[in-house]
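Novice:
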Amino acid sequence: MAGAVDFSPGGYRFLPSVFQYSAGVAALPGHAVERVRFRAPMPLEAGFAAIERMITQAGRPLTAFCGCELRSPAPFTEAGFRAFNKVYVGTLAAWGLFENEVNPVARSNVCPQIDAPPEPSFHAFAFTVGAADASPSFVVAGSGEVPEGHKDYFDRIIARGDVSPQGLRKKARFVLGEMQRRLSALGFGWHDTTATQVYTVHDLYPFLAEEIVRRGAARAGLTWHFARPPVVELEYEMDCRGVGREEVII
Numbered sequence: 003m004a005g006a007v008d009f010s011p012g013g014y015r016f017l018p019s020v021f022q023y024s025a026g027v028a029a030l031p032g033h034a035v036e037r038v039r040f041r042a043p044m045p046l047e048a049g050f051a052a053i054e055r056m057i058t059q060a061g062r063p064l065t066a067f068c069g070c071e072l073r074s075p076a077p078f079t080e081a082g083f084r085a086f087n088k089v090y091v092g093t094l095a096a097w098g099l100f101e102n103e104v105n106p107v108a109r110s111n112v113c114p115q116i117d118a119p120p121e122p123s124f125h126a127f128a129f130t131v132g133a134a135d136a137s138p139s140f141v142v143a144g145s146g147e148v149p150e151g152h153k154d155y156f157d158r159i160i161a162r163g164d165v166s167p168q169g170l171r172k173k174a175r176f177v178l179g180e181m182q183r184r185l186s187a188l189g190f191g192w193h194d195t196t197a198t199q200v201y202t203v204h205d206l207y208p209f210l211a212e213e214i215v216r217r218g219a220a221r222a223g224l225t226w227h228f229a230r231p232p233v234v235e236l237e238y239e240m241d242c243r244g245v246g247r248e249e250v251i252i
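The numbering used here puts the sequence shown at residues 3 to 252.
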C-alpha cells in the first residue's frame, strides 16, 4: 500500500487505493475528523445535498468531505458496482475531490439483509473541521475479504464460497490484517480506535474472541451490522475509526 498523501484542500491525508475510494484518511495538524450519522438512510442525491449544506454551514469547503458510509439495496455484480461508482465519483469530481482517477475519500458500502433501502443511500459521513490542538482522528475505509485493485477480482476472494466457521475465520483474518495495515500506514493502531464495525450475515462467535477481541479490535466494543458487502460472493467486511465527536441527525 502506498504511503499517506496530504490533501491540503480538505485538511487531511489519505491512503491511495482504487478510483472509487481511498483506504483511509487522517486529519492533518490543526484539524479534526467529525462523523455525522443520519437517523434513517438518506438517498444518494438528497444525501449529497444535505451533506453540502452541513459542510457549508460549518464554514468548511466541500473538499473537507473525507468519508462516507453507504447502504445499498443488494450486492452488485462487479460490472454493476463499477457503473455505480462512476456515478458516485461524479459528485466528488464536482466538489474538487476526484481527479485523474485519484479519490481521497474513504468509504464503506454495504447491503442490509433486512429492511434494506430501495436505492443507494447515505448512512453516515465524515468531514474535517478546524481544531487547534485536536487529538489525532481518522477513518479507515471498509474492506472485504479480497485484495483490491485487481482485474481478476473473484478469483482472489479469500475462501471463496466457504461460509463454514473455518472459512469465515480465514476471511476475518484477512480483513483484520488489512485493517491493521491501513491503521499502521496512517500511523495508528487498534488502541487508537473509538469504534469498529463488522458487516456480515454469518455467525461471528466462533472466532470473535481469538481473532477480533484478543488483537484489540473490539477495545471500544464492536458494532455488528447484519449486512452483506457490496459485491456478490463477498461475505465479511469491516471498518474502523478514531474520532472525538459524532452526531446523529434526523
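In this text, a Cβ means the ideal position worked out from N, Cα and C, and glycines have one as well.
Check whether the Cβ of Val-107 lies closer than 8 Å to any Cβ atom in chain D.
Specialist: Although the question refers to chain D, the structure presented lacks it and comprises just one protein chain.
Novice: Taking the C-alpha atoms as reference points, what is the distance between Gly-13 and Ala-6?
Specialist: Position 11 of the sequence shown, counted from the first residue, corresponds to residue 13. Position 4 of the sequence shown, counted from the first residue, corresponds to residue 6. Near 13 Å, if we compare the C-alpha coordinates of Ala-6 and Gly-13.
Novice: Thinking C-alpha only, which one of Ser-139, Trp-192, Val-234 and Pro-167 is nearest Gly-244?
Specialist: The count along the sequence shown starts at 1 and reaches residue 244 at position 242. The candidate whose alpha carbon is nearest that of Gly-244 is Ser-139.
Novice: Skipping 5 residues on each side, what residues in its chain have a beta carbon closer than 6 Å to that of Ala-118?
Specialist: To locate residue 118, count along the sequence shown from 1; it is residue 116. Exclusion of the five residues before and after Ala-118 leaves Pro-75 as the residues of its chain whose Cβ lies within less than 6 Å of its Cβ.
Novice: Which residue wins for smallest C-alpha separation from Pro-122, given the options Val-131, Glu-47, Pro-149 and Ser-166?
Specialist: As a position in the sequence shown, residue 122 is number 120, starting the count at 1. For Pro-122, the nearest C-alpha among the options comes from Glu-47.
Novice: Which residues mark the beginning and the end of the beta strand (DSSP E) in which Ser-110 is found?
Specialist: Here residue 110 refers to the residue found at position 108 of the sequence shown. Here the beta strand (DSSP E) through Ser-110 covers 108–114.
Novice: Let's see if you can read the secondary structure: which residues bound the alpha helix (DSSP H) around Phe-86?
Specialist: Numbered from 1 along the sequence shown, position 84 holds the residue referred to as residue 86. That run of the alpha helix (DSSP H) goes 80–96.
Novice: At which residues does the alpha helix (DSSP H) containing Ile-53 begin and terminate?
Specialist: On the sequence shown, residue 53 is found 51 positions in, with the first residue counted as 1. Here the alpha helix (DSSP H) through Ile-53 covers 46–59.
Novice: Can you grab the Cα-Cα spacing for the pair Thr-202 / Ala-219, in whole Å?
Specialist: Locating residue 202 in the sequence shown gives position 200, counting from the first residue. Locating residue 219 in the sequence shown gives position 217, counting from the first residue. Each residue's alpha carbon lies about 16 Å from the other.
Novice: First and last residue of the beta strand (DSSP E) that includes Gln-199?
Specialist: As a position in the sequence shown, residue 199 is number 197, starting the count at 1. Unbroken beta strand (DSSP E) run through Gln-199: 197–201.
Novice: Could you work out which residue in Phe-50, Val-233 and Ala-60 is closest to Glu-150 when comparing CA atoms only?
Specialist: For this step, residue 150 is matched to residue 148 along the sequence shown. When each option's Cα is compared against that of Glu-150, the closest is Val-233.
Novice: Tell me where the alpha helix (DSSP H) around Ala-174 begins and ends.
Specialist: Here residue 174 corresponds to residue number 172 of the sequence shown, with the count starting at 1. Where Ala-174 is concerned, the enclosing alpha helix (DSSP H) stretches over 167–188.
Novice: Going by other Cβ atoms of all chains shown within 10 Å of its Cβ, with 16 needed for buried, is Gly-189 buried or exposed?
Specialist: Taking the sequence shown and counting its residues from 1, the one referred to as residue 189 is at position 187. Exposed, since its Cβ has fewer than 16 Cβ neighbours within 10 Å.
Novice: Only counting the same chain, and skipping five residues up and downstream in sequence, which positions put a Cβ closer than 7 Å to that of Thr-65?
Specialist: Position 63 of the sequence shown, counting from 1, holds the residue named residue 65. Excluding sequence neighbours, Thr-65 sits near Pro-11, Gly-12, Trp-97, Gly-98 and Leu-99.
Novice: Who pairs with Gly-26 in a beta bridge, going by DSSP?
Specialist: Locating residue 26 in the sequence shown gives position 24, where the first residue counts as 1. Gly-26 pairs with Val-142.
Novice: Name the one or two DSSP bridge partners that Ile-159 has.
Specialist: What you label residue 159 is simply residue 157 of the sequence shown in a count that begins at 1. Ile-159 is not bridged to any residue.
Novice: With a threshold of 16 other CB atoms inside 10 Å of the CB of Tyr-90, please say whether the residue is buried or exposed.
Specialist: On the sequence shown, residue 90 is found 88 positions in, with the first residue counted as 1. Burial call: buried.
Novice: Enumerate in chain order the residues of its own chain whose CB-to-CB distance from Cys-251 is below 7 Å, with the five nearest sequence positions on each side excluded.
Specialist: Here residue 251 is taken as the residue at index 249 of the sequence shown, counted from 1. With the sequence shown as reference, residue 251 is identified as Ile, and Cys is not the correct amino acid for it. The beta carbon of Ile-251 sits closer than 7 Å to those of Val-38, Phe-40 and Arg-41, all from its chain and outside the five residues before and after it, given in chain order.
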